[in-house]
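A short worksheet on the structure shown next.
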Amino acid sequence: MNARRVSKPIKIGRVTIGGNAPIVVQSMTNTDTRDVMSTIRQIEELEDCGCELIRVAVPDVEAARAISAIKKGISIPLIADIHFDYRLALMALEARADGLRLNPGNISDPEKVKAVVKEAKERSIPIRVGANAGSLPRTSDPKLTIAEQMVDAALQQIKLLESLDFDLIKVSLKAFDVPTTIAAYQSIASKIPYPLHIGITEAGPPRSGIIRSTVGIGTLLYLGIGDTIRVSLTAQPREEVIAGYEILKSLNLRQHGPILVSCPSCGRTEVDIVKLAEAVEAELLKIDKPIKVAVMGCVVNGPGEAKDADVGIACGKGRAVLFKKGKKLRTIQEKDFVSALMAEVERL
Ligand code: SF4
Numbered sequence: 145m146n147a148r149r150v151s152k153p154i155k156i157g158r159v160t161i162g163g164n165a166p167i168v169v170q171s172m173t174n175t176d177t178r179d180v181m182s183t184i185r186q187i188e189e190l191e192d193c194g195c196e197l198i199r200v201a202v203p204d205v206e207a208a209r210a211i212s213a214i215k216k217g218i219s220i221p222l223i224a225d226i227h228f229d230y231r232l233a234l235m236a237l238e239a240r241a242d243g244l245r246l247n248p249g250n251i252s253d254p255e256k257v258k259a260v261v262k263e264a265k266e267r268s269i270p271i272r273v274g275a276n277a278g279s280l281p282r283t284s285d286p287k288l289t290i291a292e293q294m295v296d297a298a299l300q301q302i303k304l305l306e307s308l309d310f311d312l313i314k315v316s317l318k319a320f321d322v323p324t325t326i327a328a329y330q331s332i333a334s335k336i337p338y339p340l341h342i343g344i345t346e347a348g349p350p351r352s353g354i355i356r357s358t359v360g361i362g363t364l365l366y367l368g369i370g371d372t373i374r375v376s377l378t379a380q381p382r383e384e385v386i387a388g389y390e391i392l393k394s395l396n397l398r399q400h401g402p403i404l405v406s407c408p409s410c411g412r413t414e415v416d417i418v419k420l421a422e423a424v425e426a427e428l429l430k431i432d433k434p435i436k437v438a439v440m441g442c443v444v445n446g447p448g449e450a451k452d453a454d455v456g457i458a459c460g461k462g463r464a465v466l467f468k469k470g471k472k473l474r475t476i477q478e479k480d481f482v483s484a485l486m487a488e489v490e491r492l
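Residue 145 is where the sequence shown starts when you use the numbering used here, and the numbers rise one by one after that.
Dropping the structure here:
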């Protein structure tokens, strides 16, 4: 795995992005931002599963005005997502958003960008320059690849921000196509000092979207690129946060709650291991400890294959061996599989 790219840290509220700070997991609400109560409720649910930064869409004046009320009800920093109308960015700053996301593809008038940067600078509020493959500026050179056009669009806006003596910058270059996204981030990574927000845009519903996002985000992280991630799914945003942490845990980049080791089951299995693993996974979502828990389908290979687990069960017909760090604790009956395992988890 490559060493992490060195980036200039910025602060969004109390959360540091870049430098040596942990890679931050963020998500975006899918409630109507103007519906303050529903938006706060969703953000609270996201905070509970570990979301560290939240972005809300600001499509109109009412949504921009709602930001200050939403902020009063939440604990994590809030980023206002602005497209087309720079005045909404100014209103979001007024409403004390902790960060802004602007798309160079649809706020391209330098004078309008300047007005936003001036206000953001006064308040020390960072701006994400977020170029998307689907909304590139009309001035993009069609002879360039999509990845090159994304990099170009971002660099032009970064240059404008820098010319205004503004450096609280974060950059994203997202496409649905994974190789395009990877190429774009690899290209820009060596050209700018700013932290990178990485993700695959509109990745799809969970089954395909998590795979697509994991291949893209995982590859970039393995290359040392990326300071904050958003897994973009057609699903409830909490699924994005859970998937984000799973990606980071897979690469040993963050610890967050338990890791579940479960076998795929085979001809030796004598219990419904799929149902059991799902039940244990649901229980583990309530646990914060960074532990490893194993659910194995047989006593022949189970304990050995999961010997580095803190606690686990290896199931036989109607019974299972409960083990801790590879050592047998006792035999339990099928009706107690989940409760006995979870009791041992609580004891750790
Ligand atoms: S742990 Fe046992 S049941 Fe599970 S896949 Fe391995 S051999 Fe099969």
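Idealized CB from N, CA, C, for every residue including glycine.
It should be emphasised that the depicted structure is a prediction, and the values quoted were computed from it without experimental measurement.
{"Asked": "Are there any heavy atoms of ligand 1 lying less than 8 Å away from the beta-carbon of Lys417, as far as the coordinates show?", "Found": "The amino acid occupying residue 417 in the given sequence is Ile; Lys does not appear at that position. Within the cutoff, so yes."}
{"Asked": "Sorted by chain position, which residues of the same chain lie with C-beta nearer than 6 Å to Lys472's C-beta, five sequence neighbours on each side aside?", "Found": "Val465"}
{"Asked": "Which residue comes first and which comes last in the alpha helix (DSSP H) that contains Met145?", "Found": "Where Met145 is concerned, there is no enclosing alpha helix (DSSP H), given that its DSSP letter is neither H nor E."}
{"Asked": "Give the secondary structure of Ser406 by DSSP, where H, G and I count as helix, E and B as strand, and everything else as coil.", "Found": "strand"}
{"Asked": "What residues match up with Ile457 in a beta bridge as DSSP calls it?", "Found": "Val439 and Leu466"}
{"Asked": "Should Lys469 be labelled buried (16 or more other beta-carbon atoms within 10 Å of its own) or exposed?", "Found": "exposed"}
{"Asked": "So who's on the other strand from Asp225, going by DSSP bridges?", "Found": "Ala201 and Arg245"}
{"Asked": "Would Leu246 and Gly278 be called neighbours here (beta carbons separated by less than 9 Å)?", "Found": "no"}
{"Asked": "Whether or not the segment 377-388 and the segment 149-166 are in contact is what I'm after, with contact meaning three or more pairs of Cβ atoms, one per stretch, closer than 8 Å; do they touch?", "Found": "no"}
{"Asked": "Tell me, which residues are paired with Met235 by DSSP?", "Found": "According to DSSP, which records beta bridges pairwise, Met235 is partnered with nothing at all."}
{"Asked": "With three or more beta-carbon pairs closer than 8 Å as the criterion, would you say the segment 181-200 touches the segment 210-224?", "Found": "yes"}
{"Asked": "Identify the continuous beta strand (DSSP E) that holds Leu317 and give its terminal residues.", "Found": "Ile313 to Lys318"}
{"Asked": "Taking the alpha carbon of Leu299 as the point to measure from, which residue in Thr289, Asp452 and Ile336 has its own alpha carbon closest?", "Found": "Ile336"}
{"Asked": "When DSSP builds the beta bridges, which residues end up paired with Arg272?", "Found": "Arg245 and Lys314"}
{"Asked": "Closer than 5 Å is what we want: which residues have a beta carbon that near any heavy atom of ligand 1? List them in chain order.", "Found": "Cys407, Cys410, Arg412, Thr413, Met440, Gly441, Cys442, Asn445 and Gly446"}
{"Asked": "Taking Cβ positions, are Arg113 and Gly353 nearer each other than 9 Å?", "Found": "The requested residue 113 is not part of the displayed model; the chain covers only 145 to 492."}
{"Asked": "Apart from the five residues just before and just after Ile290, which ones in its own chain have a Cβ nearer than 6 Å to its Cβ?", "Found": "Ala277 and Thr324"}
{"Asked": "Under 8 Å by Cβ, that's how I've got Gly243 and Pro281 pegged, so tell me the actual separation to the nearest angstrom.", "Found": "About 22 Å separates the two Cβ atoms, so there is no contact after all."}
{"Asked": "When you compare only the Cα positions, how much space is there between Leu377 and Pro408?", "Found": "25 Å"}
{"Asked": "For Thr110, I'd like the list of residues in its chain whose CB is within less than 7 Å of its CB, leaving aside the five on either flank, ordered along the chain.", "Found": "Lying before the first or after the last residue shown, residue 110 is absent from the chain, which here runs from 145 to 492."}
{"Asked": "Would you report the Cα separation of Val444 and Lys393, rounded to the nearest angstrom?", "Found": "28 Å"}
{"Asked": "Kindly indicate which three-state DSSP category Val444 falls into: helix, strand or coil?", "Found": "coil"}
{"Asked": "By DSSP, does Gln330 sit in helix, in strand, or in coil?", "Found": "helix"}
{"Asked": "So what's Arg474 in DSSP terms, helix, strand or just coil?", "Found": "strand"}
{"Asked": "Can you tell which of Val359, Gly456, Ser182 and Glu191 has the C-alpha that lies nearest to the C-alpha of Ile214?", "Found": "Ser182"}
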